[in-house]
Amino acid sequence: MSKAIIGIHGLANKPPKNDLTKYWIKSIQEGLEKNCDNPNAQFDYEMVYWADRLYKMAMHEDAGFNFDDLYNSEPYLPAPGPLVEYRAGLLDRVRIGGNAAFGATVDFVKNTFGVERVADWVLQRVLKDLDFYYDDDRKIPDRSDPPKLVHARRVLMDELANAVRAQKGKEIMLIAHSMGTIIAFDVLHELADSDPDLKIAEFVTIGAPLGLPHVKTKILQEAGPDDAADALCTPENVTGSWINYWDRRDAVAIDGHLRDDFRANKAGIRVVDDLVDNSYEGTTGAPNYHKSYGYLRAPELSKQINTFLNG
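Spelled out as structure tokens, the structure:
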């Protein structure tokens, strides 16, 4: 069976689709070469790109206009040093437990004191794209000709759903970053009902905000009381694995321990959390522990991709 990797990007504006596609492929290839001794790896790759649905102009890399808000100071750049596997110690295990406790505490406060408005305000100020996604009144142009104004969540979900359907019959690895993990989670659950023959061999989440209490609350609200019991579980169409990679310094994945929040599906596939070292640094030399390129070349993910392609 032929194999395909599908990637879906995350929050904020992005460079044009062709550039972002090239950057994801280069990041994966760098990891395969350095971590798996697999240089110049070739693979079937599809980039699910939705930034142009929320942003009129893409980011650029013209250094003559580096003062422009659209200037991209964080393109793909090779790792500044060796790529090293993360070795979790006692403090990491304490932190994981602390993250789970943090999530439970915030859930308790929200349920007890009704601070939903505070969470919504945070989404609006910090995670604008996520606020768009959950806003029932927000409509954006779809890709029809001429474009129609459609609920934002539906437009973004359709971007991924159409890409996955196009690869049906292949062994699929779906890699989702940041807010793309929320879109992917929603789409896979929907496809499990509408197209049960469509399977995802390996589901990979990187820098996922899925553990945030507000996000879990939204998932449960969307499911409704009748389906709430099955909402927070591995999608039924994931047949091989769900691996969640996160850097403990990644603010978006502050509650990166998903195993306590999401149950196994009927096949027994349950999310496995794996700490990694996101080594990305932009053109200024400043690290970005949430950047997709750093996650995509992490040794732990490289080895999973290499096994998927060659196993």
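Residue numbers (our numbering): 1 to 311. Where a beta carbon is used, it is the ideal one built from N, C-alpha and C, also for glycine.
Own chain, CB closer than 6 Å to residue i, minus 5 neighbours either side, in chain order
i: Ala4; result: Asp44, Gln167, Lys170, Ile172
i: Ala12; result: none
i: Val155; result: Arg53, Ile140, Asp142
i: Arg153; result: Tyr133
i: Ile200; result: Ile172, Leu174, Asn237, Val238
i: Thr205; result: Ala176, Thr181, Asn244
i: Ser241; result: Glu202
i: Ala41; result: Gln29, Leu32
i: Trp50; result: Leu156, Glu159
i: Tyr55; result: Asn13
i: Asn278; result: Asp247, Tyr289, Gly294, Tyr295
i: Arg249; result: Tyr289
Residues of its chain near residue i, where Cβ-Cβ distance is below 8 Å and the 5 sequence neighbours each way are ignored
i: Pro82; result: Lys34
i: Asp37; result: none
i: Val118; result: Residue confidence is low: Val118 scores 47 on pLDDT, short of 50, so the model does not pin down where it sits. No coordinate-derived value is stated.
i: Leu70; result: Asn13, Met57, Ala58, Met59, His60
i: Phe102; result: With a pLDDT of only 41 at Phe102, under the threshold of 50, the placement of this residue in the model should not be trusted, and no figure is reported.
Rounded straight-line distance, which links the Cα of residue j to that of residue i
i: Ile140; j: Lys148; result: 8 Å
i: Tyr280; j: Ala231; result: 33 Å
i: Ala264; j: Ser292; result: 26 Å
i: Pro287; j: Pro16; result: 22 Å
i: Ala79; j: Gly10; result: 21 Å
i: Val150; j: Arg87; result: 45 Å
i: Gly294; j: Lys22; result: 14 Å
i: Asp136; j: Glu222; result: 11 Å
i: Asn72; j: Ala63; result: 9 Å
i: Trp24; j: Arg297; result: 9 Å
i: Asn162; j: Asp68; result: 34 Å
i: Val187; j: Pro196; result: 12 Å
i: Asp131; j: Arg138; result: 9 Å
i: Leu191; j: Met1; result: 21 Å
i: Lys26; j: Pro146; result: 35 Å
i: Asp193; j: Asn18; result: 32 Å
i: Asp107; j: Ile8; result: Low confidence applies to Asp107: its pLDDT is 47, below 50, so where it sits in the model is not reliable, and the reading given next is rough at best. Approximately 28 Å, taken between the alpha carbons.
i: Phe65; j: Asn310; result: 43 Å
i: Leu198; j: Thr217; result: 27 Å
Whole-Å CB distance - residue i paired with residue j, under 8 Å assumed
i: Asp129; j: Met47; result: Contact doesn't hold; Cβ gap of about 17 Å is too wide.
i: Phe185; j: Pro225; result: The Cβ separation is near 19 Å, so there is no contact.
i: Ile28; j: Ile219; result: That belief does not hold up - the Cβ atoms of Ile28 and Ile219 are roughly 29 Å apart, past 8 Å.
i: Ser302; j: Leu32; result: 6 Å
i: Glu61; j: Pro75; result: 6 Å
i: Ala251; j: His189; result: At roughly 26 Å, the Cβ-Cβ gap does not stay under 8 Å, so Ala251 and His189 are not in contact.
Beta-carbon proximity of residue i to residue j, cut-off 9 Å
i: Glu85; j: Pro299; result: yes
i: Asp255; j: Pro213; result: yes
i: Thr313; j: Leu77; result: In the structure as shown, the chain starts at 1 and stops at 311, and residue 313 therefore has no counterpart that could be examined.
i: Asp247; j: Gly285; result: no
i: Ile312; j: Val164; result: With the chain covering only 1 through 311, there is no way to say anything about residue 312.
i: Phe262; j: Val271; result: yes
beta-carbon residue i near the ligand ATP non-hydrogen atom, thresh 8 Å
i: Ala192; result: Ligands are entirely absent from the displayed structure, and the ligand ATP is therefore not among its contents.
Cut-off 7 Å between Cβ atoms - residues of its own chain near residue i, not counting five sequence neighbours on either side
i: Val215; result: Ile182, Pro209
i: Ala267; result: Thr239
i: Cys233; result: Phe262, Arg263, Ala264, Asn265
Below-9 Å beta-carbon distance, residue i vs any chain C residue
i: Asp260; result: No chain C is part of this structure, which consists of one protein chain only.
Problem set entry | Start-end ranges of the alpha helix (DSSP H) lying completely within the stretch 123-188, minimum 4 residues | Runs of the alpha helix (DSSP H) inside the stretch 123-188: 128-134, 152-166.
Exercise. Of all the alpha helix (DSSP H) runs that stay within the bounds of the stretch 237-304, which reach a length of 4 or more residues?
Worked result: You should have 292-296.
For this session: With a floor of 4 residues, list each alpha helix (DSSP H) that falls wholly inside the stretch 11-50, ordered by position along the chain.
Result: List check, alpha helix (DSSP H) in window: 17-36.
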